[in-house]
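According to my numbering, the residues represented by the sequence shown are 4 to 93, in order. Note that beta-carbon positions come from the ideal geometry of N, C-alpha and C, so glycine has one too. Below is one structure, written out as C-alpha cells; the observations come after it.
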Amino acid sequence: RTQLKWIDLNGTEDEIMEVLKNANHYRIPVGTDSLDELKGLVTVSDVLVQIMQRPSERSIHDIIDSCLKEPLLIPESIPLMKLLNVLRTE
4 RTQLKWIDLN GTEDEIMEVL KNANHYRIPV GTDSLDELKG LVTVSDVLVQ IMQRPSERSI
64 HDIIDSCLKE PLLIPESIPL MKLLNVLRTE
C-alpha cells in the first residue's frame with residue numbers, strides 16, 4: 004500500500020496536481036490523511052477537465068469533492084454469484 008498513488012484531501016494543490024500528472028491509472032483513491040479514511044474514487048480525466056474549465060476562485064479541493072464517486076466495498080465472505088450480480092448492477 005505504500006506505493007499506491009492516492010490523493011490526500013488535506014494535501015496542497017501542488018501535491019494533488021503531482022499525483023494527477025503522474026497517474027498511471029484511470030481511477031485514483033481519495034482519502035483524508037490516510038487511505039484508512041477513504042472518501043471515494045475520482046477519474047483522472049473528470050478532474051483534469053474540471054481543472055481546465057474552472058473559474059479561478061474554485062479550488063482543486065472543491066473540484067475533487069465534486070468528482071468523488073463512492074467506492075464499491077466488497078466483503079471477503081461474499082459468494083461469487085452474489086458478487087457477479089452486484090457488479091452487474093453497478
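Check: Where SER37 sits in the DSSP three-state scheme; Outcome: strand
Check: Three-state class that DSSP yields for THR46 in the structure shown; Outcome: strand
Check: Separation of LEU7 from SER69, as counted between CA atoms; Outcome: 22 Å
Check: Selected residue, minimal CA-CA separation from LEU76, among GLY14, LEU90 and ILE10; Outcome: LEU90
Check: Spatial distance of SER59 from MET84 (CA atoms); Outcome: 48 Å
Check: Secondary structure of ARG91, DSSP reduced to three states; Outcome: helix
Check: Close beta carbons around LEU86, own chain, < 7 Å, minus the five adjacent residues each side; Outcome: ILE77
Check: Reduced DSSP secondary structure (H/G/I, E/B, other) of LYS8; Outcome: coil
Check: Helix, strand or coil at ILE31 according to DSSP, with G and I counted as helix; Outcome: strand
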